[in-house]
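Numbering-wise (the numbering used here), the sequence shown opens with residue 30 and increments by one.
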Amino acid sequence: MEAAKSLGIDVSKFKTENRISGRDYAQRIRRARHKLMYEKVSIPPASQPTRKLHTEIRRRLNNQEIYVGELIAPKTYRRNHITSSGVLEETEVTVHGRKIPLEHIRRQMNVDQGLLFRWRKDDYENLDEETILKRFSKLKITVPSEPMSALDELMKVEHTRNLKVWHDHSDILNHSYSKATDVDQLSYTSTRLEDINSLHQPTYFKGTSIYDVLRVFSGDGPARQFEAGHQRGGHYSCLCGISVKEHQNLECALRFNPRTLSERMKILKSGVLWKEYSERNINPLCNLKKEALTDELEARGVDTYGKSAAEMKEKLVEILHGIQRPPALLSSDIHSLSLSRYEIPPC
């Protein structure tokens, strides 16, 4: 302050009470006002009100302009709410999942992918025997003995699509209607099997038959564990069946062959407790007592004389390699469900 006075500065306008520190004062800096460079400014239209948007969606749904699938897997919940009169009431609420049927997806794929078909039905009528043999050789498929059977088989193979099924555990978990538990996800198995049972019937595009095969499942670790009927965590958490202790052993990984779904079912059915599998008991081989462990191991041809419950449990875990229940889609024979080529990659 004294320095400012010595320089002839009028300090009467200073606010002496606004100090930053013992000797400094807060000074208000006035910045220049920015002016717009353009005289005309376009303002975007306001977003559509939510109520109006809902009305428009309902109109399109009623007119079948939008297809949102069909309701599946109903679940009933109880909830409490207070009425306008202040009375507590308990009501039941039914919540559904929703799916677009696989047949609808296949027909839509025919429309979207129709231009990609190289061979039409009429193109096969003029094929000679040499051309048919070359195509079979290129596809590495055994040639049927009869010429007409060979032509039909070639037409079917070249018009077959391999479908890949995918779901991610986080996607299921983020939906409020799904608990992301194995029990909750298994409630959708029946409606999935309805779609799979229709796979043996071809769809048509401009007179040409199109066949589809459920070939492979993909997803994250928890999703593949659920789909294959594998355990979560533990010493055999990986679908390959290798123990956690041997994950760094490259020789073990080289010699060990991952099991197919048929082989997993065969291992599961070698015992007796798998018969207790149901919607209420989806993991019949978990938390077993000594008597149950004895029955299961003896059914598998393992000597249990003089062994403790811990030793028998360790032996059963070693035999199962993480298998806990049947795969999600294999509630019956694998061939009757058109799943003979279906596989779940372990890693």
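Glycine included, every Cβ here is placed at the ideal spot set by N, Cα and C.
- Within the stretch 97-154, the complete alpha helix (DSSP H) segments at least 4 residues long are 131-142, listed from N- to C-terminus.
- Secondary structure note for D241: its beta strand (DSSP E) is the uninterrupted segment T237 to S247.
- Contact between A257 and L268 holds, since their C-beta atoms are separated by about 6 Å, short of 8 Å.
- The continuous beta strand (DSSP E) containing F234 extends over residues T232 to F234.
- R147 and D197 have their C-alpha atoms spaced approximately 34 Å apart.
- Rounded to whole angstroms, the gap between the alpha carbons of K274 and L349 is 16 Å.
- Residue pairing of W195 in beta bridges, as defined by DSSP: S247.
- In this structure, DSSP gives H83 a helical state, which the three-state scheme calls helix.
- Ranked by Cα distance from P130, the options E325, L322, S227 and N191 are led by S227.
- Counting along the chain, no alpha helix (DSSP H) covers L268, and no H or E run does either.
- Judged by DSSP secondary structure, I348 falls within the alpha helix (DSSP H) whose first and last residues are A338 to L349.
- A distance below 8 Å between beta-carbons, with the five flanking residues on each side excluded, links Y240 to the following residues of its chain, in chain order: K185, H188, T189, R190 and P231.
- Contact between the stretch 116-124 and the stretch 149-169 is absent, with fewer than three C-beta pairs closer than 8 Å.
- The way I'd put it, the stretch 321-329 doesn't touch the stretch 215-229; fewer than three beta-carbon pairs between them come closer than 8 Å.
- Counting every other CB atom within 10 Å of its CB across the protein chains shown gives G143 a total below 16, marking it as exposed.
- In the DSSP assignment, A32 falls within the unbroken alpha helix (DSSP H) covering E31 to S35.
- Taking 7 Å as the cut-off, the beta carbon of L297 is found no closer than this to the beta carbon of I373.
- According to the DSSP secondary-structure assignment, T189 is paired through a beta bridge with Y240.
- Per DSSP, L358 lies in no alpha helix (DSSP H) segment and is marked neither H nor E.
- Annotation: T237 to K295 spans about 39 Å, alpha carbon to alpha carbon.
- The C-alpha of L283 is placed about 36 Å away from the C-alpha of Y217.
- Straight through space, the alpha carbons of V140 and R127 are spaced by roughly 23 Å.
- Taking V172 as the centre and dropping the five residues before and after it, the same chain places the C-beta of L162, F165 and A179 closer than 7 Å to its C-beta, in chain order.
- Every unbroken stretch of the alpha helix (DSSP H) spanning 4 or more residues and falling wholly within the stretch 299-344 is given here in chain order: 319-328.
- In terms of Cα proximity to S266, the closest of P375, R89, T160 and E154 is P375.
- For E94, the three-state secondary structure derived from DSSP is coil.
- Using a 10 angstroms sphere on the CB of A32, the tally of other CB atoms stays under 16, which defines it as exposed.
- Nearest to I225 by alpha-carbon distance, out of I170, N155 and H133, is H133.
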